[in-house]
Amino acid sequence: MTACRSREDVRALVDAAFPADSVMRRANYTGQLWALQGVIQPGDLIIMPLKRSGELAFGTCRAGYSYDASAVDRRHRHHIDVDWLPDHFSRSVLKDDLLNMINGAMTVFSPSRHNADDRLHAVLRNGVDPGFFGATPGLAQPRAATTADIEAAGVLDPETAPTMDAIKDRIRTHIVENFSGHKLTYLVADILTVLGYVCEVSPEGPDGGVDILAGRGPLGLDSPTLVVEVKSESTQIGAPVVRGLQGAVTSNQADQGLLVAWGGINTNARREFSHQRTRMGFWDSEALMEQLFKVYPDLPQETRNKLPLKLAWVLDEEPGA
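Residue numbering for the sequence shown is 1 to 321, as defined by UniProt numbering.
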């Protein structure tokens, strides 16, 4: 597509390559490919949801569209150069309206509603979504492509799709709204209890890095014993918290430590964990929800009333996710 100079040029290539596909599908391909080739420009903010971790990668476009004919996987031949930030963001940093847009029905699109541009740049700068009324105007840099260009490409504010990510994000938002602060500690304790631990939850307030003491056996004193620290903030946790948990494990003569960091951990914290893989565990919001889904039927009725879920089997429309 390097020779294409307009959306119509791209459409001609798509029509020739996929003659049997429906008109709507070819129009979808055309819009996204033209956005990749002719709309995204150096300096633009790029956000990519990561399938494996559930996190969001933020970066800045360094160079526009290019084509690599030598790539073995044909899907990897079309690309743009992006300078990615080393630390990824938890989806929990975004408020519900932005999460809904991130779960758009297109792979390549540009969100504009709900002051999305300034808010996403605020996340890039401060790690927190300030919300519709809290974003400082002008944080976003002027883009080479105008709103009219993006709209003409057909990638402006696509309809949201009921994907698995969208469903999990709705649950994630419900947990944030109903299990904020120390309430999240009690949810973690309920999960650990179902997993076979006897848990002692520290009262709210300064706890010296010990939110939960847990262990096996009738008194919770049998191995493995756990020291659990729970951080409900949507922002990433750094290495000092990890080192503090290490100290709490030692001082309490526990076997292992578990850090539950709803907003995830940064690169330095991950490095600390890499040296303690046999003694320290880590749950972010994604891992916590995985554990929640496993034990949900056995959670206390009171907890299930606060977090009402029901099991449904759906066809996975995202192969490879």
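The beta-carbon is built from N, C-alpha and C at its ideal position, and this holds for glycine as well.
- [ ] On a CA-only basis, which of 282, 178 and 225 is nearest residue 197? Give me that one, please.
- [x] Ranking 282, 178 and 225 by Cα distance to residue 197 puts 225 first.
Task: Beta-carbon proximity of residue 124 to residue 85, cut-off 9 Å - done: Contact check for residue 124 against residue 85 passes: the beta carbons are separated by less than 9 Å.
TODO: With DSSP collapsed to three states, give me the class of residue 289.
DONE: Three-state result, residue 289: helix.
Task: Three-state class that DSSP yields for residue 5 in the structure shown - done: Three-state result, residue 5: coil.
TODO: Tell me whether residue 51 sits in a helix, a strand or coil according to DSSP, three-state version.
DONE: The DSSP-derived three-state label of residue 51 is coil.
Open item on the list: On the DSSP bridge list, what partners appear for residue 216?
Closed with: Within the DSSP secondary-structure output, residue 216 pairs in a beta bridge with 222.
Task: Span of the alpha helix (DSSP H) around residue 175 - done: Element bounds for residue 175: 164-178.
Task: 6 Å Cβ shell around residue 200 - same chain, five flanking residues per side excluded - done: Only 213 meet the Cβ criterion.
- [ ] Would you kindly work out how many angstroms separate the C-alpha atoms of residue 321 and residue 54, rounded to a whole number?
- [x] Since pLDDT at residue 321 reaches only 45, below the 50 mark, its modelled position is unreliable, and the value read off the structure follows with that caveat. A straight-line Cα-Cα distance of about 10 Å links residue 321 and residue 54.
Open item on the list: Using a Cβ distance threshold of 8 Å, determine whether the stretch 218-238 contacts the stretch 258-265, with at least three qualifying pairs required.
Closed with: Because the criterion of three Cβ pairs below 8 Å is met, the stretch 218-238 and the stretch 258-265 touch.
Open item on the list: Using a Cβ-Cβ cutoff of less than 6 Å, which residues in the same chain neighbour residue 266 once the five nearest sequence positions on both sides are dropped?
Closed with: Short of 6 Å from the beta carbon of residue 266, and not among the five residues preceding or following it, lie these beta carbons of its own chain, in chain order: 87, 236 and 238.
Task: Pair within 9 Å by beta-carbon distance, residue 202 and residue 190 - done: No, they are not a contact pair.
Task: Assumed close pair residue 129, residue 95 - CB separation to whole angstroms, cut-off 8 Å - done: About 5 Å; that satisfies the 8 Å criterion.
Task: Closest by C-alpha distance to residue 83, when choosing among 111, 45, 51 and 56 - done: Comparing Cα-Cα distances from residue 83 to each of 111, 45, 51 and 56, the minimum goes to 45.
Task: Buried/exposed call for residue 179, threshold 16 Cβ in 10 Å - done: With at least 16 other beta carbons inside 10 angstroms of its own, residue 179 counts as buried.
Task: From 16, 185, 13 and 89, residue whose alpha carbon lies closest to that of residue 264 - done: 89 is the residue among 16, 185, 13 and 89 whose C-alpha sits nearest the C-alpha of residue 264.
- [ ] Label residue 23 either buried or exposed according to how many other C-beta atoms from any shown protein chain fall within 10 Å of its C-beta, with 16 as the threshold for buried.
- [x] Exposed is the call here.
TODO: Measure the CB-CB distance between residue 93 and residue 127 and report whether it falls below 9 Å.
DONE: A contact, by the Cβ cut-off of 9 Å.
Task: Contact under 9 Å by Cβ, residue 114 with residue 98 - done: Between residue 114 and residue 98, the C-beta spacing is below 9 Å.
Task: Residue from 7, 163, 12 and 242 whose Cα sits closest to the Cα of residue 37 - done: Out of 7, 163, 12 and 242, 7 has the C-alpha closest to the C-alpha of residue 37.
Task: Simplified DSSP state of residue 65, which is helix, strand or coil - done: If DSSP states are grouped into helix, strand and coil, residue 65 belongs with the strands.
Task: Minimum C-alpha distance to residue 246 - residue among 221, 223, 222 and 272 - done: Distance from the Cα of residue 246 is smallest, within the candidate group 221, 223, 222 and 272, for 272.
Open item on the list: For residue 253 and residue 282, I'd like the C-alpha separation in whole angstroms.
Closed with: Residue 253 and residue 282 have their C-alpha atoms spaced approximately 19 Å apart.
Open item on the list: If you reduce the DSSP assignment to three classes, tell me which class residue 191 lands in.
Closed with: The answer is helix: DSSP assigns residue 191 an H, G or I state.
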